[in-house]
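In our numbering, the protein residues as written are 231 to 731.
Cβ coordinates follow ideal geometry from the N, Cα and C atoms, glycine included.
Written out below as structure tokens is the structure these notes cover.
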Ligand code: UN1
């Protein structure tokens, strides 16, 4: 019951201690379903606070690096057990600060649990290569080594899962960490850090500093003390981060926008495709980088699909995610709601047809939250802004098409490349689609959301910069390969020369 006894005023965690921000100032964390509810006050930290955390992480690095990885893994195992015990409390906290429904916040905590167990196991793996040398009496191998101090800037839509995707592989590889949680959802990240501290992480190994991206994020990014940055957020901010990392060749991982598509072929199980479009489009109120914000439907089944999809969207119950009857929660904040509303206007002006929703919901108690109807535009043209730009809200654009080739061209005709799905019962269509879709993730007969923690997660084009989170792939980012040659011949042996004949 840690959350129940935690004060409403939260502190930074630096060098194993909970400390106030030097400014003494705080940022309010309010419930997006009811802005009257103050979830907590979080430090409005300065660059000095961030630098103190970076110094602590730098000081802790040497000892942590030399702690055997299986021992590091034991701490993660303990953390996973504590997370499991407190899953329900943490899910409730998350719904209060983020708005998504309880089933989804339970899923978010579960994703953190899965990642923690997975990476705990990596403490006894992290396999490298052992291989014969080309020369006699010489041995060759490769091992993973940590990178150093890692700086993380994380988003509000998965406020425990995404921090865990970064923290767990970083720690198991022997790095130390400074994390700045999203301003809208720091509590869930605090809950995660609390658990790791309780599980026995030594002081300085993991530090959290809350505050603004332009202050704390910037300090983490620009410090000479951080050797690696991982960021999940918009492509716009990702570009700034990439440029800031370039001069010093800081290792940089970016996970950015998406404009994901579900392709529905005329041979698909149509009801299943509608289920997928509802879950992919309106799960988390469409606020996932993997959200299915486009659905392309083959003309023969287009009319029937749109009718069924619109009916189902209109029937979704929007409200406070703590209520078990709610299907879809609010937008994260007023600004995001305004963005959604402005895209609805853009869609109408572009000539798309409003098939469902289209308005803010503000009757009664809802006026205190940032609710928007699940919204569907039909008869869209793939070049419309609503079919090209990431909206990050409950708005789905439906596009008719003739052939699979047309659908693939529509799918690939955006700047992003995170996730794509095809609904079909034809194996040839399925195989062609998985080969030709230009995304990091492809689903067949499932929506664009639902990635599991033991497989690579990430995208191409303007979604990513070549790295992957999750699974073994994450280890490649959070470690450097070191190749070791051991010559026990007692003589000079020259590679490529002495083995010539
Ligand atoms: C995100 O969309 O920001 O695959 C992350 C999914 C989740 C993670 C999503 N497991 O939808």
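Reduced DSSP secondary structure (H/G/I, E/B, other) of residue i
i, result
"residue 408", "strand"
"residue 495", "coil"
"residue 602", "strand"
"residue 729", "coil"
"residue 719", "coil"
"residue 240", "coil"
"residue 635", "helix"
"residue 512", "helix"
"residue 536", "helix"
"residue 461", "strand"
"residue 469", "helix"
"residue 250", "coil"
"residue 613", "coil"
"residue 293", "helix"
"residue 477", "helix"
"residue 542", "helix"
"residue 438", "strand"
Inter-residue spacing [alpha-carbon to alpha-carbon] between residue i and residue j
i, j, result
"residue 239", "residue 263", "21 Å"
"residue 431", "residue 577", "50 Å"
"residue 291", "residue 379", "7 Å"
"residue 445", "residue 395", "24 Å"
"residue 497", "residue 529", "11 Å"
"residue 471", "residue 487", "14 Å"
"residue 566", "residue 425", "30 Å"
"residue 753", "residue 341", "The first residue shown for the chain is 231 and the last is 731, placing residue 753 beyond what the model contains."
"residue 358", "residue 305", "23 Å"
"residue 279", "residue 410", "11 Å"
"residue 636", "residue 397", "41 Å"
"residue 245", "residue 289", "9 Å"
"residue 484", "residue 315", "32 Å"
"residue 447", "residue 696", "22 Å"
"residue 675", "residue 505", "10 Å"
"residue 321", "residue 475", "34 Å"
"residue 646", "residue 519", "10 Å"
"residue 729", "residue 720", "16 Å"
"residue 295", "residue 355", "16 Å"
"residue 232", "residue 716", "The predicted model places residue 232 with a pLDDT of 43, which falls under 50 and marks its position as unreliable; any figure quoted below should be read in that light. Going from the Cα of residue 232 to the Cα of residue 716 covers about 51 Å."
"residue 495", "residue 452", "48 Å"
"residue 508", "residue 598", "26 Å"
"residue 311", "residue 663", "40 Å"
"residue 468", "residue 442", "16 Å"
Terminal residues of the beta strand (DSSP E) in which residue i lies
i, result
"residue 481", "481-485"
"residue 376", "368-376"
"residue 362", "360-362"
"residue 525", "524-528"
"residue 595", "Premise fails: residue 595 is in no beta strand (DSSP E) and is neither H nor E."
Heavy atom of ligand 1 within 7 Å of residue i beta-carbon
i, result
"residue 519", "yes"
"residue 382", "no"
"residue 575", "no"
"residue 341", "yes"
"residue 283", "no"
"residue 387", "yes"
"residue 694", "no"
"residue 681", "yes"
Same chain, Cβ closer than 7 Å to residue i, five either side skipped, listed in chain order
i, result
"residue 574", "588, 605 and 625"
"residue 754", "The structure shown does not extend to residue 754, since the chain is modelled only from 231 to 731, so the question has no answer here."
"residue 287", "379, 406, 407, 408, 434 and 437"
"residue 564", "600"
Own chain, CB closer than 8 Å to residue i, minus 5 neighbours either side, in chain order
i, result
"residue 673", "649, 650, 651, 652 and 680"
"residue 555", "547 and 549"
"residue 712", "372, 373, 374 and 375"
Terminal residues of the alpha helix (DSSP H) in which residue i lies
i, result
"residue 386", "Element bounds for residue 386: n/a, residue is neither H nor E."
"residue 182", "No statement about residue 182 is possible, as the shown extent of the chain runs from 231 to 731 and does not include it."
"residue 571", "564-580"
"residue 686", "Taken as a continuous stretch (DSSP letters only), residue 686 belongs to no alpha helix (DSSP H), as it is neither H nor E."
"residue 701", "701-708"
Residues of its chain near residue i, where Cβ-Cβ distance is below 6 Å and the 5 sequence neighbours each way are ignored
i, result
"residue 511", "522 and 626"
"residue 552", "325"
"residue 714", "371"
"residue 353", "299, 300, 302, 303 and 402"
"residue 532", "630"
"residue 348", "683 and 684"
"residue 234", "Only weak support exists for where residue 234 lies, its pLDDT of 45 falling under 50; the coordinates are left without a value."
"residue 562", "262, 386 and 414"
"residue 308", "429"
"residue 248", "241"
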